[in-house]
Structure formats: C-alpha cells, structure tokens
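**Student:** Every position in the sequence shown, counted from 1, becomes a number in our numbering once 70 is added. Just so you know, even glycine gets a beta-carbon here, dropped at the ideal spot from N, CA and C.
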Amino acid sequence: MSQQTEEIDGIRAREMQLTSPYPHTDPAGLLRMVFVMPFGHPYSLMCNGPMSLYDLINRSEDIPALAERAIQYDCLVRDGNQLVIPDGEPYRSIESPLPVSEADVLGLSVINSGDLHSVFRLLDLAGVPRRAADRLPGVHPLVVGGNSGLADPEPMADYLDVVALGEAERSLPELLRILHAYRQPSAAHAPLYEQIAGVPGLYVPSLYAPDFLPGGGVRHVQPKAPTAPEAVHAQYLEVGDLHPAHFTYPLTDGTAAGLHPVVGCRHSCGFCNLGVPPFRQAPLDMLTRYVDRLEDLQVEKVIISAPTFTQYRHRQELLEHIHAYAQRAAADGRKVTTIIGSVRADELSAHYLDSVTELGDFGHLFTELNLSQARGIITIAPEWAAGDLVALYGKTQTRERVNKALDLCRASKDVNTIMLYFIVGAPGEHSADRLAIADYARDVRERLGHADGSVIVKLHQFMPKPGTASQRLRMADPDLVEDYAEQIADRLRTLVGEEQFTQQYRVVPGDTSRMHLEVVCSRGDRRIGHVLEDLYTAGTDLRTLTKDQLVEALDKRGLDYNRHLRHMDEPVLPWHTINHVNRDAEQQFADAILAREGR
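1. Just how far apart, CA to CA, sit glutamate 656 and arginine 542?
2. Comparing the CB of alanine 394 with every heavy atom of the ligand GTP, is any distance shorter than 8 Å?
3. Could you check the C-alpha separation between proline 293 and leucine 307 for me, to the nearest Å?
4. Between which two residues does the beta strand (DSSP E) holding serine 130 run?
5. Could you compute how far the alpha carbon of tyrosine 575 sits from the alpha carbon of valine 525?
6. Among all the DSSP beta bridges, which residues are the ones paired with glutamine 531?
7. Out of Leu459, Glu470, Val590, which has the shortest C-alpha to C-alpha gap to arginine 669?
8. Less than 6 Å between C-beta atoms, sequence neighbours within five positions excluded: which residues of the same chain meet that for tyrosine 491?
9. Smallest Cα separation from alanine 298: which of Ala279, His316, Glu264, Phe282?
10. Compare the beta carbon distance of serine 166 and glutamate 138 with 9 Å and say whether it is the shorter of the two.
11. For proline 225, which of helix, strand or coil comes out of DSSP?
12. Apart from the five residues on each side of it in sequence, which residues of its chain come closer than 8 Å, Cβ to Cβ, to threonine 325?
13. Apart from the five residues just before and just after valine 590, which ones in its own chain have a Cβ nearer than 6 Å to its Cβ?
14. When the Cα atoms are used, what is the spatial distance from glycine 177 to alanine 461?
15. With 16 as the cutoff for other CB atoms within 10 Å, does asparagine 632 come out buried or exposed?
16. Quick test of the definition: if touching needs 3 or more C-beta pairs under 8 Å, does the stretch 118-137 touch the stretch 241-261?
17. Buried or exposed: where does valine 333 fall if 16 or more other Cβ atoms within 10 Å of its Cβ makes it buried?
18. For the 8 Å Cβ check, are there 3 or more pairs between the stretch 543-557 and the stretch 146-156?
19. Aspartate 174 and proline 211 - do their beta-carbons sit closer together than 9 Å?
20. Over the uninterrupted alpha helix (DSSP H) stretch that includes tyrosine 252, give me the two end residues.
21. Which of the three DSSP states is assigned to phenylalanine 659 in this structure?
22. Using the beta-carbon count (16 or more within 10 Å), is glycine 519 buried or exposed?
23. Where does the unbroken alpha helix (DSSP H) through methionine 585 begin, and where does it stop?
24. Based on DSSP bridge pairs, tell me the residues matched to phenylalanine 105.
25. Give me whichever residues DSSP pairs with arginine 359 in a beta bridge.
26. As an exercise, report each continuous beta strand (DSSP E) stretch of at least 3 residues that is fully enclosed by the stretch 308-368, in chain order.
27. In the DSSP output, which residue or residues are listed as bridge partners for methionine 489?
28. Tell me which residues share the same chain as leucine 168 and place their Cβ nearer than 8 Å to its Cβ, disregarding the 5 neighbours each side in the sequence.
29. According to DSSP, simplified to helix, strand and coil, what is lysine 405?
30. Under 9 Å between the Cβ atoms of aspartate 639 and phenylalanine 282?
31. Are there three or more Cβ pairs, one per stretch, closer than 8 Å when the stretch 486-504 is compared with the stretch 647-667?
32. Is the beta carbon of arginine 504 sitting closer than 9 Å to the one on valine 566?
33. Which residue marks the beginning of the alpha helix (DSSP H) containing isoleucine 373, and which one marks its end?
34. Just verifying my parser: in three-state terms, what is the DSSP assignment at tyrosine 278?
35. Mind checking whether glycine 216 and leucine 235 have CB atoms under 9 Å apart?
36. Whose C-beta lies closer than 6 Å to the C-beta of phenylalanine 341 among residues of the same chain, with five residues either side of it excluded?
Here you go:
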C-alpha cells in the first residue's frame, strides 16, 4: 500500500459526519469537483468556504456533481517549491482513487494574498497545467478560485479560469449546471466562458483585456466579448440562503469541530474587509443542535472561529450550552476545551467574560495554532495607540473602552494574558505613535493587575485591502516594519526593565517575506502572476523571500516594486472590473488621514 493511500485510509477511518449522511448518488453522468486545499487534514476541516460548498454539492440532488477533497497530505515530500507524492503515485482525493487531474472542476481557496503562489504548487501537484491558456477544455479541469486572498484577483488572472466573488452557494452550483449542460452530446450553446460570466458573482478573467502601464497598473480594462459584464459584483446571501455548513463544520476528525456564529461585522473600519459583507447571524437552535451532536460523538474541542463573536446576539445562550456540555463531560472524567476566535474590547461585558471563564479551559485561536502560550487569554485590537488615529480609521476601540475591558479582566482570576493587535506603517502615523505602543502595552499589564499577567504585542503592517476605503493608500516598506518592531521592543524593555520584559512581554512582528509578497499581490495587475511563477519555477524559497529577490524578479518583467507601495491615485485600478468602492468616500478618507500626517 502506498504512503498516500495509507494516510487517506487513516483519515477516512477517523473522520465523522456531523450531520445526516450524504445521499448515495451514482456518480455516472455527474461532474466531479475536487476542492484542493493547501493545508493538512485538521486545518482543512476548518476552511468553511470550501467545506461548506463541498457539503452543499454532496447534499443537493439538483446539483449535477459530486465533490471531493484533496489536501496537503503529511506524506508529501517538498522538492524545491513543489510537493511530490512518494512512490510516484498520482495525487488523489480523500474520496476517490482517481487522479485529481481527471476532475471536471478544481476549486482552489486562497485565504491570504501573500500565498497566491500556492496556486502553482497545487496545480503542479495535481498534474494540471498552470496557465489557463495551456489547459484543454474537456481534457483538463476548469479551475475556479475564491476566498479573501483573491480580493484582487488580477495577479492570478492567467492561471484561474473563474473567480467566485463573495459567497458561492448560488454561483458555484449554477456554474456546475452550465458546465454539465454544455458537455451534453449534441448540445448547442453559447461559448462556455460567456455563459459562466453571466452568472452573478463569477468573474472570468480571460474575457477582459487590460491596457498595462509601465512599471505596474493599468490605463483601462475592456471586456473582450459583448456579453461580458462591465462590472462583476460579489454575492452576499441572506441567512436562509446560506448552506448550514457555512456556519458549522460538516466533518470532524474526532478531536475538534467548530462553529461560525456570525458572518461579517457590524462595523466598517476603513482598513478592514470584515465589514465588507453584510453582518448576519446563525440561528441559535442550529448551533445548539450542533453542540449536542459534538457531545454525542465526544468531540472535546469546540472552536468558535468568528472574529466578531461578541456581536452574536445569542452568545450568552450558546456559551451556556457549551458550558453545560463541558460540565457533563467533566463528570465523566473528560475535559472540553473551547477556543474563541477573538473578542472586541468595546463589546466585552462582565456577563460575557463570566460565561467564557466558566467554560473552564478557553483560549484564542491564534494562540492555539501558533504560540506555546497558556490559555486564559483575551485578545484586544486597539490597532493604534494614538486615539485620533483610532478614530480616523473608523475603529471604535477607544482607550476608555479598552480600560473598561481590562477592568473586567482584572476582576477575573482566569484571564492572565492579553494579546494586543497593533498596525504599524499606516499613513498618518508618526514615529512617536509607534513608540507609544510600548507605553500602551505597559499600561495594559499594569491595569490587568495580575502578578503573573502577560502581554503579547502582535504587530501587523498596514496593508490597503481592495474593496475597502483604504485601498488606494500608500504603505510602508515591510523591511521598515521589522525596524519598527525592534524600536517598540527596545522602548518597552526600557520602560519595564529587562527581567520583566523577558518574563511577561512578547513583541511579535509579522512575517516580512509574506508582507513583501502582499505588497505586490494585494494591488498588482496580472503581470504579477508571471513574476510569482518566475520565482516559483526558479526554486526561490517564497517563505524566506527578500525584497532584493522580489525587486530583481519584478525588474525582469518591467515592473517597479515601489509603484505598489505608493498612493494609487490613478482613475483605474487593476481590479477595476470588480471595484465598487465609492471614489468620493475614498478621497475624503485619504484627505483626513494625510492632513493628520501633515500635522
């Protein structure tokens, strides 16, 4: 037995369905869609975008397809930037021994724009030509991309056949119906891609021709076909139209399962794309029934992976339901752990904190996945230490509200660690504003008031995100951000002393290599994809990419790294076809921030 087959057999043996079984459908005559995810098995189960669509397709008899999953198996061997199957076997899915390359449709999910190069790795692994122009209809799969890493889809325009914008519970089934009908014998239809482009929420890059500017960017973008829409709108659905698996993980490996109680955010901060989709909440009875199912299966880790969980109307009742399960498990000698995505300090209440701490063992998702840090942690994201910057960027986390949250944590004996999220390198920011982060961290620990209290300062570079009011703003060079982190750490060390700093503080900067990639991938045109492919093919380790390496690769394609850092004041952005941000609102936002910078 091959290593891949042995690993897949193990996965199938420990996986459990968390809802009713899928109908037994004869695959004859149906399309085969494979969702390919760049994660190992436990984390792949948390990808609610692909997993909810996987569940929807397999549960719906009116969708002429079956869905499968292929993941980054533990047995895969890295060869340069590629992943290789041991024993020379073809890459296969969890559900089928057939090669992934023989699927009708591949679904690729990209969560972060700095990971766009994962598209090459996954297509190579599957044995599918990277470029859309090199794939043959009916021979190679149709490649569909989605998720927030494709907020600017243009860098991958020559590699993806279709990009699903927003929520795909309607658009993807319609794509599958179109493809299924198109492949029927003797069928007479309009060209396939033009049919797909007519589906709301589906962007077909090959139907648009950009006129490139020297160094980066575009003069204009023209549809190639008269039926291609001038603009493509992301789709966001009502709660009743969202598949239940959008809110709950459909499968578990027996150790963990999770819920997404809310979608979107009630706030619309100028730098954040959480507030782009409308805010929606899962029905409470759906979530409590799900927790009951976890109890039946003795799944002992409950993940609430919603960054705005404190906005959930029924959070109290849900936490009480989980707490009751934890108590019953404890009576049987088992320990139930609850991991919560994050909380907003301005939405923290004594009642909420009591409910969380009563769970007995709780933590924060970032900590659980990335840090060796004790639980009993609350995350607070002031984003800036300067109150007027907080207000300018639309945050509501004033110092007074943060202090109120800290007072609640101080009264709780169960919270001994605060993780603070700050943005550095943003327009309007001065050096003193960055150094004030150290003072803020010291004040937070003092206000927390616990002798064993700790503070983790997590720094993020300001990255203008397509689709937000900040999308045109300039950003700092990521290499400077490393210097900023050192300056903040040095000041904090001076404020509290070396011993206390070492024992009770951490300053965690972002990944510079990924930030360099985000600079060009989050706002570049489709030539950026060719630069990524050049680097990937040359074997450059994109996990440790330097600015010099990226600049050299860009230069070979006639592109300028610094053009991607600047304020983008030209009328047409590379993602023009999907851009729906009000230009006047953008300008007002930029004017207010730059005025502060001038002061």
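**Tutor:** This is what the structure gives:
1. Roughly 8 Å between the two C-alpha positions.
2. Judged by which ligands are present, the structure shown has none, so any question about the ligand GTP falls away.
3. 27 Å
4. Here serine 130 belongs to no beta strand (DSSP E), and DSSP marks it neither H nor E.
5. 5 Å
6. Val494
7. Leu459
8. Ala451, Lys528
9. Glu264
10. Going by beta carbons, serine 166 and glutamate 138 fall inside the 9 Å limit.
11. helix
12. Pro112, Val369, Glu370, Lys371
13. Ile598, His634
14. 39 Å
15. exposed
16. The stretch 118-137, when compared against the stretch 241-261, does touch it at the 8 Å Cβ threshold.
17. buried
18. no
19. yes
20. 241-252
21. Here phenylalanine 659 carries a helix assignment [DSSP, helix/strand/coil].
22. exposed
23. Run containing methionine 585: 582-591, per the alpha helix (DSSP H) assignment.
24. Arg139, Gly177
25. BP columns for arginine 359 are empty, so no partner.
26. 326-329
27. Per DSSP, Thr449, Ile526.
28. Arg102, Arg162
29. coil
30. no
31. Touching, yes, given that three or more Cβ pairs across the two stretches are closer than 8 Å.
32. Not closer than 9 Å, so no.
33. For isoleucine 373, there is no enclosing alpha helix (DSSP H); the residue is part of the beta strand (DSSP E) that begins and ends at 371-374.
34. strand
35. yes
36. Tyr463, Ser540
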